Amino acid sequence: MSDIIFNLYKFLECPNLKLRCPSWVKTPSPMFVFTVIMIFYFGITSGVIYDIVLETPSIGSRVDAQGHSRPVAFLPNRINGQYIMEGLAASCMFALGSGGFIMLDQLHSRQIMPRFTRMLLTGVALLSALVAFFVCRIFVKIKIPYESSVVLLLITACAYLAK
């Protein structure tokens, strides 16, 4: 297969260009790039595009047993719908969990660190990843009733095994 592709593009040559960046263009710092990526990650996982296109409300309301209207942050029993606050809360948990894993990665890439600091940061990183995981599970249980989530899990497992 690679021979076919190689023969198709054999007659093409890369141009010999000497492109230079302007002197005023500087390489951004790694922390700036990380911040920009995390902001985009937060925005995409919170469903900003969905919220803008469908103009969803920030929170909803439901009527309780006494007839009073109560605010609701999660749109229950609907997977394909959300309120703005629900997306932001889920995105905060995704960012918290990914931040925990990033901390764990940074902890094990640096060698010089006092033992107490290493243990403390490891605990904070693991705690943030676990809190994010369990809170996201609670969010899913709000979105899907427990019986439905078990059925959905079984259907997904059967579909995966059928492949």
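Residue numbers (our numbering): 332 to 494. The C-beta atom is built at its ideal place from N, Cα and C for all residues, glycine as well. Model, not experiment: these values are computed from the prediction.
Judged by their CB atoms, Thr387 and Tyr414 are nearer to each other than the 8 angstroms cut-off.
Here DSSP, grouped into helix, strand and coil, assigns Val394 to strand. Per the Cβ contact rule, the region 402-412 is not in contact with the region 360-379 (fewer than 3 Cβ pairs under 8 angstroms). The DSSP-derived three-state label of Arg401 is strand. Here DSSP, grouped into helix, strand and coil, assigns Lys349 to coil. The C-beta separation of Met416 from Ala463 comes to about 17 angstroms, leaving the pair out of contact by the 8 angstroms criterion. In the structure shown, the three-state DSSP call for Ile336 is helix. Contact between Phe373 and Ser422 holds: CB atoms are separated by about 5 angstroms, below the 8 angstroms threshold. Distance from the CA atom of Cys352 to the CA atom of Phe342, rounded to whole angstroms, is 30 angstroms.
Contact annotation: the region 453-462 touches the region 433-444, with at least three C-beta pairs closer than 8 angstroms.
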